[in-house]
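Enquirer: Numbering (our numbering), first residue to last: 8 to 213. Below is one structure. I have some questions about it.
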Amino acid sequence: MTKRRMLIAVLAVLGAVLGAGIGVFAVAAPSRYSASADVAFLPAPNLTTVEASDFWEVLTRGQVTRTAAIVYDDPRWLPSAADAAKVPRDDLTLEAVALPDTTMLTVTVSAGSAGAAEAALNNVLTTATPEVSSLVAPYFVKVLWPPENSAWPEASPGRLQLAAAGALGGFLIGAGIGWLVQRRRGDAGSPGKHSDGSTHGAPPGS
8 MTKRRMLIAV LAVLGAVLGA GIGVFAVAAP SRYSASADVA FLPAPNLTTV EASDFWEVLT
68 RGQVTRTAAI VYDDPRWLPS AADAAKVPRD DLTLEAVALP DTTMLTVTVS AGSAGAAEAA
128 LNNVLTTATP EVSSLVAPYF VKVLWPPENS AWPEASPGRL QLAAAGALGG FLIGAGIGWL
188 VQRRRGDAGS PGKHSDGSTH GAPPGS
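Quick look at the structure:
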(Lines of atoms letter the chains of each structure in order from A and count residues from 1; the text may use other names and numbers.)
(Lines give C-alpha, C1' and ligand atoms only; values in the text may rest on other atoms or scores of the structure.)
Protein backbone atom coordinates (compact mmCIF):
# COMPACT_ATOMS: atom_id res chain seq x y z
CA MET A 1 0.00 0.00 0.00
CA THR A 2 1.38 3.44 -0.97
CA LYS A 3 1.79 6.20 1.62
CA ARG A 4 -1.06 8.08 -0.01
CA ARG A 5 -3.49 5.20 0.32
CA MET A 6 -2.31 4.45 3.84
CA LEU A 7 -2.99 8.01 4.98
CA ILE A 8 -6.45 7.95 3.43
CA ALA A 9 -7.21 4.61 5.08
CA VAL A 10 -6.01 5.77 8.50
CA LEU A 11 -8.05 8.97 8.36
CA ALA A 12 -11.09 7.03 7.15
CA VAL A 13 -10.86 4.58 10.05
CA LEU A 14 -10.37 7.36 12.58
CA GLY A 15 -13.33 9.19 11.12
CA ALA A 16 -15.48 6.07 11.33
CA VAL A 17 -14.57 5.49 14.99
CA LEU A 18 -15.17 9.12 15.89
CA GLY A 19 -18.45 9.19 13.98
CA ALA A 20 -19.70 6.03 15.67
CA GLY A 21 -18.84 7.46 19.08
CA ILE A 22 -20.68 10.68 18.35
CA GLY A 23 -23.68 8.68 17.13
CA VAL A 24 -23.83 6.63 20.31
CA PHE A 25 -23.43 9.54 22.72
CA ALA A 26 -25.88 11.66 20.75
CA VAL A 27 -28.62 9.39 22.07
CA ALA A 28 -29.67 10.11 25.62
CA ALA A 29 -29.24 7.51 28.34
CA PRO A 30 -31.99 4.87 28.49
CA SER A 31 -35.19 6.46 29.74
CA ARG A 32 -37.15 3.22 30.22
CA TYR A 33 -36.50 0.16 32.35
CA SER A 34 -38.26 -3.19 32.41
CA ALA A 35 -38.73 -5.79 35.13
CA SER A 36 -40.25 -9.21 34.54
CA ALA A 37 -41.18 -12.38 36.37
CA ASP A 38 -42.25 -15.84 35.28
CA VAL A 39 -45.40 -17.50 36.59
CA ALA A 40 -45.69 -21.29 36.46
CA PHE A 41 -48.88 -23.37 36.51
CA LEU A 42 -48.77 -26.82 38.08
CA PRO A 43 -51.19 -29.56 39.08
CA ALA A 44 -52.22 -29.40 42.72
CA PRO A 45 -49.61 -31.10 44.94
CA ASN A 46 -52.12 -33.47 46.58
CA LEU A 47 -53.06 -35.32 43.37
CA THR A 48 -52.27 -38.92 42.65
CA THR A 49 -49.86 -39.76 39.86
CA VAL A 50 -52.69 -40.66 37.50
CA GLU A 51 -54.64 -37.51 38.30
CA ALA A 52 -51.55 -35.34 37.93
CA SER A 53 -50.88 -36.88 34.51
CA ASP A 54 -54.34 -35.87 33.33
CA PHE A 55 -53.89 -32.36 34.68
CA TRP A 56 -50.51 -32.01 32.96
CA GLU A 57 -52.13 -33.01 29.67
CA VAL A 58 -54.62 -30.17 29.99
CA LEU A 59 -51.93 -27.70 31.03
CA THR A 60 -49.72 -28.46 28.06
CA ARG A 61 -52.50 -27.44 25.68
CA GLY A 62 -51.82 -23.84 26.71
CA GLN A 63 -55.36 -22.68 27.35
CA VAL A 64 -54.79 -22.23 31.09
CA THR A 65 -51.68 -20.07 30.65
CA ARG A 66 -53.28 -18.01 27.88
CA THR A 67 -56.31 -17.31 30.06
CA ALA A 68 -54.10 -16.35 32.99
CA ALA A 69 -52.03 -14.07 30.76
CA ILE A 70 -55.17 -12.16 29.82
CA VAL A 71 -55.89 -11.53 33.50
CA TYR A 72 -52.34 -10.43 34.32
CA ASP A 73 -52.35 -8.16 31.27
CA ASP A 74 -55.44 -6.28 32.44
CA PRO A 75 -54.77 -2.50 32.74
CA ARG A 76 -56.87 -2.33 35.90
CA TRP A 77 -53.81 -3.43 37.88
CA LEU A 78 -51.87 -0.34 36.86
CA PRO A 79 -53.35 2.33 39.19
CA SER A 80 -52.34 0.32 42.26
CA ALA A 81 -48.96 -0.46 40.70
CA ALA A 82 -48.39 3.23 39.98
CA ASP A 83 -49.13 4.10 43.60
CA ALA A 84 -46.65 1.45 44.77
CA ALA A 85 -44.00 2.76 42.38
CA LYS A 86 -44.81 6.42 43.18
CA VAL A 87 -45.11 7.31 39.51
CA PRO A 88 -47.98 8.51 37.28
CA ARG A 89 -50.21 5.82 35.85
CA ASP A 90 -49.21 6.73 32.30
CA ASP A 91 -45.55 6.10 33.11
CA LEU A 92 -46.17 2.35 33.33
CA THR A 93 -46.71 -0.26 30.65
CA LEU A 94 -47.80 -3.82 31.41
CA GLU A 95 -47.53 -6.95 29.31
CA ALA A 96 -48.23 -10.62 30.08
CA VAL A 97 -47.42 -13.30 27.52
CA ALA A 98 -47.89 -17.06 27.67
CA LEU A 99 -44.68 -18.87 26.73
CA PRO A 100 -45.24 -21.34 23.87
CA ASP A 101 -44.87 -25.05 24.61
CA THR A 102 -44.64 -24.45 28.37
CA THR A 103 -46.97 -24.11 31.35
CA MET A 104 -45.55 -20.68 32.14
CA LEU A 105 -46.14 -17.03 31.32
CA THR A 106 -44.06 -13.88 31.72
CA VAL A 107 -45.29 -10.63 33.24
CA THR A 108 -43.31 -7.50 32.31
CA VAL A 109 -43.69 -3.95 33.59
CA SER A 110 -41.81 -0.96 32.15
CA ALA A 111 -41.26 2.38 33.88
CA GLY A 112 -39.02 5.41 33.87
CA SER A 113 -36.63 3.96 36.44
CA ALA A 114 -35.44 0.52 37.50
CA GLY A 115 -36.85 0.92 41.00
CA ALA A 116 -40.26 1.97 39.71
CA ALA A 117 -40.41 -0.96 37.29
CA GLU A 118 -39.59 -3.47 40.03
CA ALA A 119 -42.02 -1.96 42.54
CA ALA A 120 -44.82 -1.88 39.98
CA LEU A 121 -44.15 -5.48 38.91
CA ASN A 122 -44.23 -6.73 42.49
CA ASN A 123 -47.52 -4.93 43.06
CA VAL A 124 -49.09 -6.40 39.91
CA LEU A 125 -48.05 -9.90 40.92
CA THR A 126 -49.30 -9.46 44.47
CA THR A 127 -52.62 -7.95 43.40
CA ALA A 128 -53.44 -10.08 40.37
CA THR A 129 -52.24 -13.52 41.44
CA PRO A 130 -55.11 -14.24 43.88
CA GLU A 131 -57.65 -13.66 41.09
CA VAL A 132 -55.60 -15.76 38.67
CA SER A 133 -55.38 -18.56 41.24
CA SER A 134 -59.14 -18.52 41.70
CA LEU A 135 -59.72 -18.53 37.95
CA VAL A 136 -57.41 -21.45 37.09
CA ALA A 137 -58.25 -23.63 40.11
CA PRO A 138 -57.63 -26.50 40.74
CA TYR A 139 -54.27 -25.69 39.16
CA PHE A 140 -51.53 -24.31 41.38
CA VAL A 141 -50.02 -20.89 40.57
CA LYS A 142 -46.36 -20.43 41.45
CA VAL A 143 -44.81 -16.98 41.03
CA LEU A 144 -41.07 -17.06 40.40
CA TRP A 145 -40.24 -13.78 42.11
CA PRO A 146 -37.32 -11.94 40.49
CA PRO A 147 -34.31 -10.92 42.60
CA GLU A 148 -33.80 -7.30 43.59
CA ASN A 149 -32.10 -5.01 41.10
CA SER A 150 -33.05 -7.28 38.22
CA ALA A 151 -34.64 -4.56 36.07
CA TRP A 152 -32.79 -3.81 32.85
CA PRO A 153 -32.61 -0.71 30.61
CA GLU A 154 -34.55 -0.91 27.40
CA ALA A 155 -32.58 -0.37 24.22
CA SER A 156 -32.79 3.25 23.10
CA PRO A 157 -34.49 3.44 19.71
CA GLY A 158 -32.05 4.49 17.02
CA ARG A 159 -28.84 4.04 19.05
CA LEU A 160 -27.40 1.39 16.73
CA GLN A 161 -28.70 3.17 13.66
CA LEU A 162 -27.09 6.44 14.72
CA ALA A 163 -23.82 4.68 15.49
CA ALA A 164 -23.81 3.05 12.06
CA ALA A 165 -24.71 6.29 10.32
CA GLY A 166 -22.06 8.17 12.28
CA ALA A 167 -19.45 5.56 11.41
CA LEU A 168 -20.30 5.75 7.71
CA GLY A 169 -20.31 9.53 7.70
CA GLY A 170 -17.03 9.68 9.61
CA PHE A 171 -15.48 7.15 7.25
CA LEU A 172 -16.41 9.20 4.19
CA ILE A 173 -15.30 12.47 5.76
CA GLY A 174 -11.99 10.98 6.91
CA ALA A 175 -11.33 9.48 3.49
CA GLY A 176 -12.19 12.79 1.83
CA ILE A 177 -9.84 14.73 4.10
CA GLY A 178 -7.06 12.25 3.41
CA TRP A 179 -7.58 12.58 -0.34
CA LEU A 180 -7.53 16.40 -0.16
CA VAL A 181 -4.37 16.40 1.96
CA GLN A 182 -2.58 14.15 -0.49
CA ARG A 183 -3.76 16.20 -3.45
CA ARG A 184 -2.49 19.44 -1.90
CA ARG A 185 0.83 17.83 -1.08
CA GLY A 186 1.11 16.69 -4.67
CA ASP A 187 0.30 20.16 -5.99
CA ALA A 188 2.77 21.80 -3.60
CA GLY A 189 5.54 19.42 -4.59
CA SER A 190 5.29 20.22 -8.32
CA PRO A 191 4.49 23.96 -8.69
CA GLY A 192 5.99 24.25 -12.14
CA LYS A 193 4.08 21.49 -13.88
CA HIS A 194 1.43 21.98 -16.55
CA SER A 195 -1.45 19.60 -16.74
CA ASP A 196 0.32 17.94 -19.70
CA GLY A 197 3.43 17.25 -17.61
CA SER A 198 5.71 19.94 -19.23
CA THR A 199 7.88 22.17 -16.99
CA HIS A 200 8.22 25.99 -16.89
CA GLY A 201 11.61 27.58 -17.09
CA ALA A 202 13.53 24.69 -18.65
CA PRO A 203 16.18 26.05 -21.08
CA PRO A 204 15.77 24.99 -24.71
CA GLY A 205 17.57 21.86 -25.56
CA SER A 206 18.28 20.97 -21.93
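No residue lacks a Cβ here, since even glycine has one placed at the ideal position from N, Cα and C.
Using the three-state DSSP reduction, which class does Pro86 fall into: helix, strand or coil?
Expert: Three-state result, Pro86: helix.
Enquirer: In its own chain, which residues sit with a C-beta less than 7 Å from the C-beta of Arg96, not counting the 5 before and 5 after it?
Expert: Closer than 7 Å at the Cβ level, and outside the excluded window around Arg96, lie Leu85, Pro86, Ala89.
Enquirer: Mind pulling the beta strand (DSSP E) runs of 3 or more residues that sit fully within the stretch 67 to 115?
Expert: Correct list: 100 to 105.
Enquirer: Cα separation between Ala162 and Asp61?
Expert: Taking the straight line from one Cα to the other gives about 43 Å.
Enquirer: Out of Thr109, Val94, Trp63, which has the shortest C-alpha to C-alpha gap to Val46?
Expert: Measuring from the Cα of Val46, the nearest candidate turns out to be Thr109.
Enquirer: How should Ser43 be labelled, buried or exposed, when 16 other C-beta atoms within 10 angstroms of its C-beta is the threshold for buried?
Expert: With 16 or more other Cβ atoms within 10 Å, it is buried.
Enquirer: Rounded to the nearest angstrom, what separates Ala59 and Asp80 at their Cα positions?
Expert: Roughly 28 Å between the two C-alpha positions.
Enquirer: Just to confirm before moving on: does the CB-CB distance between Leu142 and Val94 stay below 8 Å?
Expert: No, Cβ-Cβ distance for Leu142 and Val94 is not below 8 Å.
Enquirer: Would you call the CB atoms of Leu99 and Ala127 closer than 8 Å?
Expert: Against a cut-off of 8 Å, the Cβ pair of Ala127 and Leu99 comes out as a contact.
Enquirer: Label Thr56 either buried or exposed according to how many other C-beta atoms from any shown protein chain fall within 10 Å of its C-beta, with 16 as the threshold for buried.
Expert: Counting Cβ neighbours within 10 Å, Thr56 comes out exposed, since fewer than 16 surround it.
Enquirer: Quick one: residues in its chain with C-beta nearer than 6 Å to the C-beta of Met13, no 5 flanking neighbours on either side, listed in chain order?
Expert: If we look at Met13 and ignore the five residues flanking it on each side, it has no Cβ neighbours.
Enquirer: Smallest Cα separation from Ala121: which of Pro153, Gln70, Ile184?
Expert: The residue with the shortest Cα to Cα distance from Ala121 is Pro153.
Enquirer: Quick check: the Cα distance between Gly204 and Leu179, rounded to an integer number of angstroms?
Expert: Its pLDDT being 49, under 50, Gly204 is placed unreliably by the model, and nothing is read from it.
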